[in-house]
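K.L.:
Got a structure here, written out as structure tokens. Questions coming.
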Ligand code: NAD
């Protein structure tokens, strides 16, 4: 028995082999789910889905594009009959405080990290409401739990995801649809690759647990929130950060 037997899941930003979205897709498929991987990096996304096998497929989806969301969700329902899980994982990193973030950069980060999450929830919510069940997992960040002067736009977008999660959880709770946010600390993925360049100090040294996290560890938490094992958890914010925000 898999933890996600019979469920249909859509994951954004799932193209990159060592990214969190791809790790979630691999674990979901192992646990019995049918998984639709989406991203803006088509070649990588197709390769990742093909390596997972017949339970996985890839579709292009720029999370800032409302029409693309409608099309991918409609196709998922048509092909698989339902949609049980949405993982809003796609995101971009941006460094800069207020003094060195341009309005264009700020809007781009908010458009992908925040508006993309809104559009995703908006696209799946009517189907999950009508089904009477569903689990939406929004990937925020430790930067959505505290301030950081070096990453202003990123902090703004990730705090927004935390708040939107709670508002959506309250709105959708009467329909049996759960919405939770996950707040990773430093996780070793393509996004954080510069932290691991040769000659740089060990990034794990500044973390209370003395190590960074791995995408497989985040995938375990997301799988739990996607599964019926977390049936009474909604509106929660869960840190997975080696105690960095404690
Ligand atoms: P990653 O860069 O490896 O993966 C992000 C994916 O999002 C990429 O495949 C990219 O192509 C995709 N993407 C970017 N813009 C997109 C768009 N407009 N539409 C669709 N897809 C788009 O990063 P990751 O570390 O796997 O990050 C996953 C999530 O975790 C992100 O939301 C990130 O902000 C968050 N996060 C990461 C860390 C970390 O340390 N890596 C820490 C906290 C939170």
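Residue numbers (our numbering): 59 to 304.
Idealized CB from N, CA, C, for every residue including glycine.
So, for residue 275: in the same chain, excluding its five sequence neighbours on each side, which residues have a beta-carbon less than 7 Å away from its beta-carbon?
P.N.:
Closer than 7 Å at Cβ, skipping near neighbours: 298.
K.L.:
Are there three or more Cβ pairs, one per stretch, closer than 8 Å when the stretch 142 to 150 is compared with the stretch 197 to 214?
P.N.:
Result yes; three or more Cβ-Cβ pairs closer than 8 Å.
K.L.:
For residue 212, is the classification buried or exposed, using 16 other Cβ atoms within 10 angstroms of its Cβ as the cut-off for buried?
P.N.:
Buried, since its Cβ has 16 or more Cβ neighbours within 10 Å.
K.L.:
Identify whether residue 290 lies in helix, strand or coil by the three-state DSSP scheme.
P.N.:
Coil.
K.L.:
Would DSSP call residue 118 helix, strand or coil?
P.N.:
Reduced to three states, the DSSP call for residue 118 is strand.
K.L.:
State the Cα-Cα distance for the pair residue 143 and residue 160, rounded to the nearest angstrom.
P.N.:
Spanning the two alpha carbons is a distance of roughly 35 Å.
K.L.:
Below 7 Å between beta carbons: does that hold for residue 171 and residue 128?
P.N.:
Result no, Cβ atoms of residue 171 and residue 128 do not sit closer than 7 Å.
K.L.:
Report the rounded CA-to-CA distance for residue 95 versus residue 230, giving the unit in angstroms.
P.N.:
Roughly 24 Å separates the two Cα atoms.
K.L.:
One question on the structure: do residue 113 and residue 92 come within less than 7 Å of each other, judged by their Cβ atoms?
P.N.:
Cβ atoms of residue 113 and residue 92: closer than 7 Å.
K.L.:
For residue 303, which residues from the same chain have a beta carbon less than 6 Å from its beta carbon, with the 5 sequence-adjacent residues on both sides left out?
P.N.:
Contacts found: 200, 203, 204 and 297.
K.L.:
Would the C-beta of residue 73 count as close to the ligand NAD, meaning under 6 Å from any of its heavy atoms?
P.N.:
Within the cutoff, so yes.
K.L.:
Report the rounded CA-to-CA distance for residue 273 versus residue 245, giving the unit in angstroms.
P.N.:
Going by the C-alpha atoms only, they are around 6 Å apart.
K.L.:
With DSSP run on the structure shown, which of helix, strand or coil describes residue 193?
P.N.:
Three-state result, residue 193: strand.
K.L.:
Report yes if the C-beta distance between residue 186 and residue 235 is below 7 Å; otherwise report no.
P.N.:
The answer is yes: Cβ separation under 7 Å.
K.L.:
Out of 62, 80, 247 and 240, state which residue places its alpha-carbon closest to the alpha-carbon of residue 70.
P.N.:
Residue 70 has its Cα closest to that of 80, out of 62, 80, 247 and 240.
K.L.:
Quick one: what does DSSP say residue 342 is sitting in, helix, strand or coil?
P.N.:
What the structure shows of the chain is the stretch from 59 to 304, and residue 342 is not part of that stretch, so it cannot be assessed.
K.L.:
Assuming residue 219 and residue 167 form a contact by the criterion Cβ under 8 Å, report the distance between their Cβ atoms to the nearest whole angstrom.
P.N.:
Between residue 167 and residue 219 the Cβ distance is about 12 Å, and since that is not below 8 Å, they are no contact.
K.L.:
So residue 191 and residue 284 are supposed to be a Cβ contact under 8 Å. How far apart are they, rounded?
P.N.:
Incorrect: roughly 12 Å between the Cβ atoms, too far for contact.
K.L.:
Could you check how far apart the C-beta atoms of residue 90 and residue 63 are, in whole angstroms? I think they sit under 8 Å.
P.N.:
4 Å between Cβ atoms; contact.
K.L.:
Pick out whichever of 158, 67 and 243 has its Cα sitting closest to the Cα of residue 210.
P.N.:
That would be 158, whose Cα lies nearest to the Cα of residue 210.
K.L.:
Are the beta-carbon atoms belonging to residue 224 and residue 293 less than 7 Å from one another?
P.N.:
Going by C-beta atoms, residue 224 is nearer than 7 Å to residue 293.
K.L.:
Tell me which residue opens and which closes the beta strand (DSSP E) that residue 141 is part of.
P.N.:
Per DSSP, residue 141 belongs to no beta strand (DSSP E) and is neither H nor E.
K.L.:
What residues match up with residue 242 in a beta bridge as DSSP calls it?
P.N.:
DSSP, once it has assigned bridges, lists 298 as partnering residue 242.
K.L.:
In or out: residue 208 buried (at least 16 other Cβ within 10 Å) or exposed?
P.N.:
Per the 10 Å Cβ criterion, exposed.
K.L.:
The ligand NAD heavy atoms versus the CB of residue 248: any closer than 6 Å?
P.N.:
Yes, the Cβ of residue 248 comes within 6 Å of a heavy atom of the ligand NAD.
K.L.:
Give the secondary structure of residue 165 by DSSP, where H, G and I count as helix, E and B as strand, and everything else as coil.
P.N.:
If DSSP states are grouped into helix, strand and coil, residue 165 belongs with the helices.
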